[in-house]
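One structure is given here, and the rest of the page talks about it.
Numbering (the numbering used here), first residue to last: 35 to 366.
Here you go:
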């Protein structure tokens with residue numbers, strides 16, 4: 035029998051250790067294990083209004099600017115809402131027909147200054163019902179941060195041909211993605227897009243950036259910049275999972291200039307959720323995804339300071355806090 039020398043044994047041992055270290059990590063489940071992260075609860079508020087031949091029930095996390103609202107219309111005669119209308123603050127909401135009514139989702143404009151907005155609805159052949167919906171005052175914070183723009187701080191960076199081409203392509207891709215919306219895909223409860231809940235920058239905060247760049251080894255201050263944060267930033271270390279909030283079609287999965295690797299889901303009836311700065315995609319454009327399905331991984335692509343998930347949500351052209359959707363359960 036051939037003898038195993040000490041040298042051969044050591045080589046085999048090192049190779050085995052190396053192979054063990056390079057073994058792939060445990061895979062993330064393709065669907066979120068829970069609708070909401072542990073120890074995270076979402077308040078749910080309801081309002082009900084009586085009208086001719088109908089009842090309108092409103093559900094929201096909070097009736098306030100920047101919040102999503104579910105409007106459910108119940109017909110007293112039990113008939114489908116074949117030709118009914120719902121308007122919030124003068125804007126008509128697409129209605130999904132049910133056997134005994136219908137429903138729609140609206141967004142309260144984050145810049146809304148009024149504390150009372152008009153609510154109207156009508157069933158076919160009946161009078162228009164009108165009520166006043168009282169909403170809370172907006173209470174968005176001012177958020178200060180220091181931003182090292184790196185290459186993006188260069189005065190002419192966005193004027194470079196490469197950047198201009200990328201900006202133009204990004205704009206065209208988004209324009210095409212929003213050009214048309216599917217019929218309704220939504221159903222059931224919404225899922226949190228992360229497996230943990232930690233807001234690192236809140237929705238619609240006024241972000242005041244103290245900007246700088248490092249030039250010749252020295253920190254050089256730049257003119258401060260003020261921006262409204264049109265989304266919600268959630269903690270997400272590089273490679274951590276990102277989940278679809280509800281069922282929909284992947285309207286866009288591409289690398290954009292500011293957003294980085296960006297997934298946009300069309301949930302139908304002009305309801306969109308967007309997931310920015312991903313390190314990688316787990317879905318392809320055109321794919322239909324389910325609520326809670328793994329769609330990507332957190333990262334730091336695009337114009338960012340560190341890895342995280344920026345959640346962008348738009349309902350009928352109104353930008354809202356996407357986390358407010360978690361209070362809603364859509365009829366199926």
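Beta carbons: idealized from backbone N, C-alpha and C, even for Gly.
Leaving aside the five residues that flank residue 71 on each side, the residues in its chain whose CB is nearer than 8 Å to its CB run, in chain order, 226, 228, 229, 230 and 231.
DSSP places residue 155 in the strand class (E or B) of the three-state scheme. When secondary structure is reduced to three states using DSSP, residue 263 falls in the coil class, being assigned neither helix nor strand. Separation of residue 166 and residue 89 (C-alpha to C-alpha, rounded to the nearest whole angstrom) is 14 Å. Shown here, residue 206 sits in a helix according to DSSP, grouped into three states. In the structure shown, residue 211 falls within a helical segment according to DSSP collapsed to helix, strand and coil. The beta carbons of residue 328 and residue 121 sit no closer together than 8 Å. Spanning the alpha carbons of residue 194 and residue 336 requires a straight line of approximately 16 Å.
Below 8 Å, enough C-beta pairs join the region 272-291 and the region 302-319 to call them touching: three or more. For residue 315, DSSP records a beta bridge to 330. The C-beta distance from residue 285 to residue 267 rounds to 22 Å, too long to meet the 8 Å contact threshold. Distance from the Cα of residue 322 is smallest, within the candidate group 282, 349 and 350, for 282. Within 10 angstroms of the beta-carbon of residue 347 lie 16 or more other beta-carbons, which makes it buried. Taking a contact as a CB-CB distance under 8 Å, the pair residue 224 and residue 169 does not count as one, their CB atoms being some 21 Å apart. Secondary structure note for residue 165: its beta strand (DSSP E) is the uninterrupted segment 163-168. Approximately 17 Å separates the beta-carbon atoms of residue 353 and residue 175; this is outside 8 Å, ruling out the contact. Going by C-alpha positions, residue 344 is about 44 Å away from residue 111. As DSSP reads the structure, residue 131 sits in a beta bridge with 136.
For residue 348, the enclosing beta strand (DSSP E) covers residues 342-349. Between residue 364 and residue 221, the C-beta spacing is below 8 Å. Distance from the Cα of residue 117 is smallest, within the candidate group 159, 246, 152 and 78, for 159. Across the structure, residue 316 and residue 69 are spaced so that their CA atoms are roughly 19 Å apart.
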